[in-house]
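Numbering (our numbering), first residue to last: 1495 to 1572. Since the structure comes first, as structure tokens, the remarks are kept for the end.
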Ligand SMILES: [Zn+2]
């Protein structure tokens, strides 16, 4: 398999943190995906997409165990 973006053959299965947004909050979900080592493009398989969707709906109904790992701040600039 070659990367469709940069044509690099360096694609590896990696555990990455996928961001999902619930309202104003962002939850990081660790998932195993194929990642292009050259440009960073991620390739999700059907199973991973399903897992993300499931966790998303769990998170919106507050049925997901989470911990606070940091805060996101917004710069107040004109
Ligand atoms: Zn690539």
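We put the beta carbon where it would ideally sit given N, CA and C, even for glycine. As the structure is a computational prediction, the values presented were derived from the model and not from experiment.
Item, Value
"For residue 1508, the first and last residue of its enclosing beta strand (DSSP E)", "1505 to 1516"
"Endpoints, the beta strand (DSSP E) within which residue 1522 is located", "1519 to 1530"
"Opening and closing residue of the alpha helix (DSSP H) in which residue 1549 lies", "1540 to 1554"
"Whole-angstrom distance between residue 1499 and residue 1551, CA atom to CA atom", "30 Å"
"Residue 1535: CB within 7 Å of a non-hydrogen atom of ligand 1", "yes"
"Below-8 Å beta-carbon distance, residue 1527 vs any chain C residue", "Note that chain C does not occur in the displayed structure, where there is just one protein chain."
"beta-carbon residue 1499 near ligand 1 non-hydrogen atom, thresh 7 Å", "yes"
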